[in-house]
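Structure first, commentary second.
In this note's numbering, the protein residues as written are 1 to 102.
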């Protein structure tokens, strides 16, 4: 399922967009106790063992080296894709595909 798609100017803009999407997804999946969009009482701690996509999304978005690696791939005209697994087989994926001039 495609959640977001955008045409951006260059590889730097693409990584900024991917970082923003990673943080947006993390907040929607694991909003924290003071979130304004969730109905009071609807959020409860989850103790399921296994991968934690929101934590992985935040970690990737805050890792300057990993963001630089993504930027480097895109600068060379290569696609970038990263998958963040979550419990019970779900996953969230971010991708950027450079457009080559016609």
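From the three backbone atoms N, C-alpha and C, an ideal C-beta is built for every residue, glycine too.
- DSSP places residue 99 outside any beta strand (DSSP E), giving it a letter other than H or E.
- Residue range 80-85 is occupied by the beta strand (DSSP E) that includes residue 85.
- In this structure, the alpha-carbon of residue 65 lies about 10 Å from that of residue 72.
- If you check the CB distance, residue 84 and residue 70 do not come in under 8 Å.
- Counting along the chain, the unbroken alpha helix (DSSP H) around residue 65 starts and ends at 64-75.
- Per the DSSP secondary-structure output, residue 91 pairs in a beta bridge with 85.
- A distance below 6 Å between beta-carbons, with the five flanking residues on each side excluded, links residue 82 to the following residues of its chain, in chain order: 94.
- Just measuring C-alpha positions, the residue of 59, 7, 12 sitting nearest residue 74 is 12.
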